[in-house]
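Student:
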Amino acid sequence: MDEASEWAAKGIDITVPSIARTYDVVLRGKDNFAVDRAFVDEIVKVVPEIYDVATFNREVLGRAVRYMVGQGVRQFLDLGSGLPTVENTHQAAQSVAPGSRVAYVDNDPIVLAHGKAILAENDRTAVVTADLRDPAGVLSDPEIRRLIDFGEPVGLMLVGILHHLHDDEDPQGIVDAYLAAIPSGSYVFITSFCNSSPEAAAAEKQYLALLGTGRFRTPAEITAWFDGLDLLEPGVVPNPLWRPDRPVDTDLTVGQRLIYGGLARKP
196 MDEASEWAAK
206 GIDITVPSIA
216 RTYDVVLRGK
226 DNFAVDRAFV
236 DEIVKVVPEI
246 YDVATFNREV
256 LGRAVRYMVG
266 QGVRQFLDLG
276 SGLPTVENTH
286 QAAQSVAPGS
296 RVAYVDNDPI
306 VLAHGKAILA
316 ENDRTAVVTA
326 DLRDPAGVLS
336 DPEIRRLIDF
346 GEPVGLMLVG
356 ILHHLHDDED
366 PQGIVDAYLA
376 AIPSGSYVFI
386 TSFCNSSPEA
396 AAAEKQYLAL
406 LGTGRFRTPA
416 EITAWFDGLD
426 LLEPGVVPNP
436 LWRPDRPVDT
446 DLTVGQRLIY
456 GGLARKP
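Letter by letter, the sequence shown follows residues 196 to 462 in our numbering.
(1) For Gly-151 and Glu-394, which I take to be in contact (beta-carbon distance under 8 Å), what is that distance rounded to the nearest angstrom?
(2) Compute the Euclidean distance between the alpha carbons of Thr-210 and Val-221, then round it to the nearest angstrom.
(3) Distance check for Arg-253 and His-361, CA to CA, integer angstroms please.
(4) Considering only residues of the same chain and omitting the five flanking positions on each side of Thr-320, which have a CB-CB separation below 6 Å?
(5) What would DSSP say about Leu-406, mapped onto helix, strand or coil?
(6) With a threshold of 16 other CB atoms inside 10 Å of the CB of Gly-368, please say whether the residue is buried or exposed.
(7) With H, G and I counted as helix, E and B as strand and the rest as coil, what does DSSP make of Asp-362?
(8) For Ala-288, which residues of its own chain have a beta-carbon under 7 Å away from its beta-carbon, when the five flanking residues on both sides are left out?
(9) According to the Cβ coordinates, are Gly-277 and Tyr-218 closer than 8 Å?
(10) With H, G and I counted as helix, E and B as strand and the rest as coil, what does DSSP make of Leu-307?
(11) Helix or strand or just coil, what does DSSP make of Gln-451?
(12) At the level of alpha carbons, what is the spacing between Gln-451 and Asn-227?
(13) Ser-387 bridges to which residues according to DSSP?
(14) Does DSSP classify Leu-278 as helix, strand or coil?
(15) In whole angstroms, give me the CA-to-CA distance for Ala-325 and Arg-412.
(16) Is the CB-CB distance between Arg-258 and Arg-441 below 8 Å?
(17) Quick check for students: name the residue ranges of the alpha helix (DSSP H) that lie wholly in the stretch 218-281, counting only runs of 4 or more.
(18) In this structure, does DSSP put Gly-206 in helix, strand or coil?
(19) Sorted by chain position, which residues of the same chain lie with C-beta nearer than 7 Å to Leu-426's C-beta, five sequence neighbours on each side aside?
(20) Express the C-alpha separation of Ile-385 and Thr-250 in angstroms, rounding to a whole number.
(21) Between which two residues does the alpha helix (DSSP H) carrying Ala-288 extend?
(22) Pull up the distance between the alpha-carbon of Ile-245 and that of Ile-238, whole angstroms please.
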């Protein structure tokens with residue numbers, strides 16, 4: 196049996212790029228295949244900083260999680276989490292509050308395969324194979340229910356995933372369904388590709404052509420996902436400008452403006 200057939204037996208198709216594995220490539224991980232690296236090579240042609248973009252996205256995740264822990268949040272639901280890599284949500288949270296609980300959700304079976312091994316010795320975390328586009332299914336999953344008490348504030352994480360939902364998949368409705376399930380005092384953190392430059396528009400064409408997903412939305416469209424919530428300062432901004440922990444030159448590069456993020460509290 197060749198490599199492709201061996202992975203196919205596990206439900207993993209290594210002949211086409213996947214969202215989780217291509218993100219692993221730009222985070223300089225090892226859980227990816229030639230087809231994923233070839234896709235990233237095409238993106239580099241239009242956004243040479245794409246590896247830095249992934250780093251900015253991972254850094255802002257850590258800052259947001261630590262902020263929420265500082266506000267008393269002790270449980271996190273990370274939707275479309277991707278492969279475990281550098282400073283995941285549970286590592287950021289548990290470094291500040293060791294008792295924090297984190298449930299990861301992703302529909303790529305390779306995430307479960309690698310995630311379970313990494314998280315096996317941590318009973319305050321779990322990886323669930325489910326599709327975030329099915330909120331009812333996710334929210335009723337036994338592992339989610341084991342870790343997440345929906346009577347207490349939740350940190351809802353949608354980091355670098357909503358841009359993989361097409362407009363006709365109703366990303367706003369999906370966000371709203373999860374928000375309806377978490378109580379007052381919860382937070383939602385979102386980052387998303389932004390149509391912030393001609394290079395971003397070119398990258399969107401490549402994502403849609405080669406990966407089949409990757410919508411680069413306007414700042415106003417991204418901000419609309421937070422309607423009805425208390426959006427925290429500094430609002431929806433390029434990742435490096437969201438509560439930076441070191442000085443940032445405000446004359447941002449194309450890569451620094453490629454993903455925008457924001458954090459809001461449910462009143």
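By construction, the Cβ of each residue, glycine as well, lies at the ideal position given by its N, Cα and C atoms.
Tutor: Considering the structure as presented:
(1) Because the chain in this structure spans residues 196 to 462, residue 151 falls outside the shown range and cannot be described.
(2) 19 Å
(3) 23 Å
(4) His-285, Val-297, Leu-314
(5) coil
(6) exposed
(7) helix
(8) Val-260, Val-264, Phe-271, Ser-295, Val-297
(9) yes
(10) helix
(11) helix
(12) 25 Å
(13) Tyr-455
(14) coil
(15) 25 Å
(16) no
(17) 229-241, 245-265
(18) coil
(19) Gly-457, Ala-459
(20) 16 Å
(21) 284-291
(22) 7 Å
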